[in-house]
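K.L.:
These protein sequence lines map, in sequence, to chains W and C.
Sequential numbering from 71 applies to the first sequence in my numbering.
Sequential numbering from 71 applies to the second sequence in my numbering.
Ideal Cβ placement from N, Cα and C applies to all residues, glycine included.
Here you go, one structure.
There are 2 protein chains.
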Amino acid sequence: MATIAGGIDMGDVFLVIFKVIKVFASKVMSGLNVLFVAGTHGNEVNAPWVFDQWNSHPNLIQTYGLNLSTIIGNPIAREKGKRYIDRDLNRSFSERLFLSSNDYEVGRAKELLDLYGPNGRRPCQIVIDFHSTTSCMGCCLVVYGRRFADLALASLLQSRLGLPIYLYEGDASQQGFLVESWPCGLVIEIGPVPQGLLHHNIVRKTLTSLQFCIEEIHKAQADIINLPDKILVHRHLKSMDFPRDSLGNQRAFVHPKLQDKDWLPISYGDPLFQTFDGHDITFIEGSDSELIIPVFINEAAYIEKGIAMSLTLKESWDFKKKWYIHLKEILSRNYE
Amino acid sequence: MATIAGGIDMGDVFLVIFKVIKVFASKVMSGLNVLFVAGTHGNEVNAPWVFDQWNSHPNLIQTYGLNLSTIIGNPIAREKGKRYIDRDLNRSFSERLFLSSNDYEVGRAKELLDLYGPNGRRPCQIVIDFHSTTSCMGCCLVVYGRRFADLALASLLQSRLGLPIYLYEGDASQQGFLVESWPCGLVIEIGPVPQGLLHHNIVRKTLTSLQFCIEEIHKAQADIINLPDKILVHRHLKSMDFPRDSLGNQRAFVHPKLQDKDWLPISYGDPLFQTFDGHDITFIEGSDSELIIPVFINEAAYIEKGIAMSLTLKESWDFKKKWYIHLKEILSRNYE
Numbered sequence: 071m072a073t074i075a076g077g078i079d080m081g082d083v084f085l086v087i088f089k090v091i092k093v094f095a096s097k098v099m100s101g102l103n104v105l106f107v108a109g110t111h112g113n114e115v116n117a118p119w120v121f122d123q124w125n126s127h128p129n130l131i132q133t134y135g136l137n138l139s140t141i142i143g144n145p146i147a148r149e150k151g152k153r154y155i156d157r158d159l160n161r162s163f164s165e166r167l168f169l170s171s172n173d174y175e176v177g178r179a180k181e182l183l184d185l186y187g188p189n190g191r192r193p194c195q196i197v198i199d200f201h202s203t204t205s206c207m208g209c210c211l212v213v214y215g216r217r218f219a220d221l222a223l224a225s226l227l228q229s230r231l232g233l234p235i236y237l238y239e240g241d242a243s244q245q246g247f248l249v250e251s252w253p254c255g256l257v258i259e260i261g262p263v264p265q266g267l268l269h270h271n272i273v274r275k276t277l278t279s280l281q282f283c284i285e286e287i288h289k290a291q292a293d294i295i296n297l298p299d300k301i302l303v304h305r306h307l308k309s310m311d312f313p314r315d316s317l318g319n320q321r322a323f324v325h326p327k328l329q330d331k332d333w334l335p336i337s338y339g340d341p342l343f344q345t346f347d348g349h350d351i352t353f354i355e356g357s358d359s360e361l362i363i364p365v366f367i368n369e370a371a372y373i374e375k376g377i378a379m380s381l382t383l384k385e386s387w388d389f390k391k392k393w394y395i396h397l398k399e400i401l402s403r404n405y406e
Numbered sequence: 071m072a073t074i075a076g077g078i079d080m081g082d083v084f085l086v087i088f089k090v091i092k093v094f095a096s097k098v099m100s101g102l103n104v105l106f107v108a109g110t111h112g113n114e115v116n117a118p119w120v121f122d123q124w125n126s127h128p129n130l131i132q133t134y135g136l137n138l139s140t141i142i143g144n145p146i147a148r149e150k151g152k153r154y155i156d157r158d159l160n161r162s163f164s165e166r167l168f169l170s171s172n173d174y175e176v177g178r179a180k181e182l183l184d185l186y187g188p189n190g191r192r193p194c195q196i197v198i199d200f201h202s203t204t205s206c207m208g209c210c211l212v213v214y215g216r217r218f219a220d221l222a223l224a225s226l227l228q229s230r231l232g233l234p235i236y237l238y239e240g241d242a243s244q245q246g247f248l249v250e251s252w253p254c255g256l257v258i259e260i261g262p263v264p265q266g267l268l269h270h271n272i273v274r275k276t277l278t279s280l281q282f283c284i285e286e287i288h289k290a291q292a293d294i295i296n297l298p299d300k301i302l303v304h305r306h307l308k309s310m311d312f313p314r315d316s317l318g319n320q321r322a323f324v325h326p327k328l329q330d331k332d333w334l335p336i337s338y339g340d341p342l343f344q345t346f347d348g349h350d351i352t353f354i355e356g357s358d359s360e361l362i363i364p365v366f367i368n369e370a371a372y373i374e375k376g377i378a379m380s381l382t383l384k385e386s387w388d389f390k391k392k393w394y395i396h397l398k399e400i401l402s403r404n405y406e
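Here's what the structure looks like:
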């Protein structure tokens, strides 16, 4: 241990200083740790750029005394301008993979949990994971499953900003999402923007949604929030592939009448795809009583997953007080 | 050599059949070989898809008796959904690289020349190389340097379709373009479209420009063309990088007023970029007498090249008869 002449132990001095800072911080900081992730997919470049700028200009974001951490999900993929190195990081948060896979992203998932997971070195109660899409989705929230705290936080954000909520659940082929590994977590998706491209519109939307997230979390913690009566969700029904030939090649593109029409209802007989020779492929599902709403139409990254779009059903649910109680319980956990 | 009972030499039989076919073909085919390339960049997926569909539905394109070949420039990169494997194929057609580099794309460039180059197995007089861009360029022609035949063909296409011409020349940092290795060659660029995404608008524009290319080449060969008086070119002046901080990181994005404004003139004082904290970076070049026109604004693939946009000067040139004579000479070369 380092000492200086006169026998004062410098380690003790630092310990005292650290304790003083901690006592002072506890007066102004909330004890609530929120993790913001960007670049979970390395070729989605807008949110990582916003985080870099935020780190250089911390006064541009009002933090309301919350302990905020930012991290780039997949820094190696970001450096290479690729979605991922070995596999999709946002399908890599799985105990099964942790035990069986040596893929870079599985190691990175463990690393992120070691750093910021509920049992990590700097545990966070809430995670917000920023993504971008080539689909014309605007700014929306993605909720995975029906965890009460997630539904509560999504409701508060929808109530404040009017953002649509895509409720993704019950698809066995898609598992291991990042936000599910934290007590409460949402994805914010912003589009349309090509991969690898910084765009003023996406930067602005990322910044706005980031700021409102912080505000709403702060207000929930401080109990100065008006709870909504209802929540509107677009519940995932299934994903739909492109029409393919016998060799598996894509034999049609998204129909001109459907391209960029995310969030707008379709019904029986509406065109979905068009072939090279001008033949329309129409929607032959649905009924008069149900309006099906496609989202993630023609997302470039989903082509390899065999997804041309996902179909949802719009539902209005009563906001449940117990959701909020659960969120509050998580917010009050002492993670300092 | 294979024979059948009775001593007839099957090799001779095939030779006779081949000669008969060749004589017949010479009556209906033109002797003019045109190569169409798509997927020179593996993540530009629209033209390759159009070529695949064309191969499955040959009657959708009128060929006017020309010998047309299609090829995917970078099939491995296409399969992987990447722009390239080791280096940009469209900067790999260089004798210097052929002698010094083992990169996949350099080998592929040699392979393409062995197949379809002027001294290749099936030599082509003309090459048309289809690209897509994330920039809002519409459909345009790119001419590399001032080869007479290129200028003639570009003039004919501009006269027919009104396409803008981007004349790229004199930039020592960018060399080895594919089309320069053929006696006559043009690039057709179509955008905006994200990388990796099939879009009805780009498919349609690719198909239309492909069909008109074939028609104009046919008409030039048959001398049934009206030569234009003028050609409008956007002559490349220089490329411009994003503003960067001392570490080389991009510190501003394309200004909202400039994004998607390719082909529209800018002048002194107009905004080019905007920083995170809302500071505008303006254009401090140009003069009252010259209008500078930016193109390839915010092309995702050029970020790694340090190009935020390229600046051009719009010029009107007299169409020169000698350009057309040169094109005609190339068209008349016997490559059968």
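Can you tell me the Cα-Cα spacing of Ala52 of chain C and Tyr372 of chain C, whole angstroms?
P.N.:
This structure gives no information on residue 52 of chain C, because the portion of chain C shown stretches from 71 to 406.
K.L.:
Counting C-beta neighbours from all protein chains within 10 Å, is the total for Asn404 of chain C 16 or more, i.e. buried, or is it exposed?
P.N.:
exposed
K.L.:
Quick one: list the residues of chain W neighbouring Ile373 of chain C, beta-carbon separation under 9 angstroms, in chain order.
P.N.:
For Ile373 of chain C, the C-beta contacts it makes with chain W under 9 angstroms involve Val115, Gly151, Gly266, Leu267, Leu268, in order along the chain.
K.L.:
Helix, strand or coil: which one does DSSP assign to Ile301 of chain W?
P.N.:
strand
K.L.:
Under 7 angstroms, CB to CB, which of the residues in the segment 337-369 of chain W have a partner in chain C?
P.N.:
Gln344, Phe346, Asp347, Asn368
K.L.:
Whose C-beta lies closer than 6 angstroms to the C-beta of Thr203 of chain W among residues of the same chain, with five residues either side of it excluded?
P.N.:
Glu259, Gly261, Glu369
K.L.:
Look at Pro364 of chain C and Phe343 of chain C and say whether their C-beta atoms are less than 7 angstroms apart.
P.N.:
no
K.L.:
Output the residue ranges of the alpha helix (DSSP H) runs that lie fully inside the segment 254-309 of chain C and measure 4 residues or longer, sorted by chain position.
P.N.:
You should have 270-291.
K.L.:
Would Ile301 of chain W pass as a contact of Phe218 of chain W if the rule is Cβ separation under 7 angstroms?
P.N.:
Phe218 of chain W is positioned such that its CB atom lies no closer than 7 angstroms to that of Ile301 of chain W.
K.L.:
Cβ closer than 8 angstroms: which chain C residues qualify as neighbours of Asp122 of chain W?
P.N.:
Asn319
K.L.:
Measuring alpha carbon to alpha carbon, tell me which of C:Ser126, C:Gly240, C:Lys331, C:Leu105 ends up nearest Ser316 of chain W.
P.N.:
C:Ser126
K.L.:
Shortest alpha-carbon distance to Ser309 of chain W belongs to which of W:Glu175, W:Phe366, W:Ile395, W:Pro188?
P.N.:
Comparing Cα-Cα distances from Ser309 of chain W to each of W:Glu175, W:Phe366, W:Ile395, W:Pro188, the minimum goes to W:Phe366.
K.L.:
Taking the alpha carbon of Gly109 of chain C as the reference point, which residue from C:Arg178, C:Glu286, C:Gly135 has its own alpha carbon closest?
P.N.:
It is C:Arg178 whose Cα lies nearest to the Cα of Gly109 of chain C.
K.L.:
Using DSSP with H/G/I as helix, E/B as strand and the rest coil, what is Arg314 of chain W?
P.N.:
Three-state DSSP puts Arg314 of chain W in a strand.
K.L.:
Buried or exposed: where does Pro264 of chain W fall if 16 or more other Cβ atoms within 10 Å of its Cβ makes it buried?
P.N.:
Around the C-beta of Pro264 of chain W, 16 or more other C-beta atoms lie within 10 Å, and the residue is accordingly described as buried.
K.L.:
Taking Cβ to Cβ, would you say Trp393 of chain W is nearer than 7 angstroms to Ala222 of chain W?
P.N.:
Yes; because the gap between Cβ atoms is below 7 angstroms, this pair is in contact.
K.L.:
So Leu248 of chain C packs on Asn160 of chain C, CB below 8 angstroms; how close in whole Å?
P.N.:
Contact holds; Cβ gap of about 5 angstroms.
K.L.:
Cβ of Thr140 of chain C less than 7 angstroms from any chain W Cβ?
P.N.:
False, the Cβ-Cβ gap to chain W never drops below 7 angstroms.
K.L.:
Taking the beta carbon of Glu391 of chain C as the centre, do at least 16 other beta carbons fall within 10 Å, making it buried, or is it exposed?
P.N.:
For clarity, residue 391 of chain C is Lys in the given sequence; the question names Glu instead. That one is exposed.
K.L.:
What separation, rounded to the nearest whole angstrom, lies between the Cα atoms of Asp293 of chain C and Leu130 of chain C?
P.N.:
Their Cα atoms are separated by approximately 25 angstroms.
K.L.:
From the DSSP output, in three-state form, read off Phe121 of chain W for me.
P.N.:
helix
K.L.:
Between the segment 266-281 of chain C and the segment 181-197 of chain C, are three or more C-beta pairs nearer than 8 angstroms?
P.N.:
no
K.L.:
Please state the DSSP three-state secondary structure of Val249 of chain W.
P.N.:
helix
K.L.:
Grab me the residues of Thr276 of chain C's own chain with a C-beta within less than 7 angstroms of its C-beta, minus the 5 sequence neighbours each way, in chain order.
P.N.:
Asn116, Ala117, Val120, Phe200, Ile260
K.L.:
DSSP state of Ala378 of chain W, grouped into three classes?
P.N.:
coil
K.L.:
Thinking just about the alpha-carbon of each residue, which of C:Gly215, C:Gly266, C:Cys254 is nearest to the one in Ala242 of chain C?
P.N.:
C:Gly215
K.L.:
Using a Cβ-Cβ cut-off of 7 angstroms, state whether Pro188 of chain W counts as contacting chain C.
P.N.:
Cβ-Cβ to chain C under 7 angstroms: no for Pro188 of chain W.
K.L.:
Compare the C-beta of Phe323 of chain W against all C-beta atoms of chain C and say whether one is closer than 7 angstroms.
P.N.:
yes
K.L.:
Out of C:Trp252, C:Gly348, C:Leu401, state which residue places its alpha-carbon closest to the alpha-carbon of Val273 of chain W.
P.N.:
C:Gly348
K.L.:
Buried or exposed: where does Tyr186 of chain C fall if 16 or more other Cβ atoms within 10 Å of its Cβ makes it buried?
P.N.:
buried
K.L.:
Rounded to a whole number of angstroms, what is the C-alpha to C-alpha distance between Lys97 of chain W and Gly246 of chain W?
P.N.:
Residue placement at Lys97 of chain W cannot be trusted, given a pLDDT of 42 that sits under 50; what the coordinates show is reported in the next sentence. In this structure, the straight-line span from the alpha carbon of Lys97 of chain W to that of Gly246 of chain W is close to 37 angstroms.
K.L.:
Considering only the beta carbon of each residue, do Asp332 of chain W and Cys206 of chain W sit closer than 7 angstroms?
P.N.:
yes
K.L.:
Count the other CB atoms within 10 Å of the CB of Asp495 of chain C; is the residue buried (16 or more) or exposed (fewer)?
P.N.:
Coverage of chain C is limited to positions 71 through 406, which leaves residue 495 of chain C absent and any answer about it impossible.
K.L.:
Hey, which unbroken runs of the alpha helix (DSSP H) at 4 residues or more fall wholly within the segment 126-186 of chain C?
P.N.:
Correct list: 145-150, 165-170, 174-186.
K.L.:
How long is the line joining the alpha carbons of Leu381 of chain W and Gly151 of chain C, rounded to whole angstroms?
P.N.:
26 angstroms
K.L.:
Give the residues of chain C in contact with Pro326 of chain W, contact being defined as C-beta atoms less than 7 angstroms apart.
P.N.:
His270
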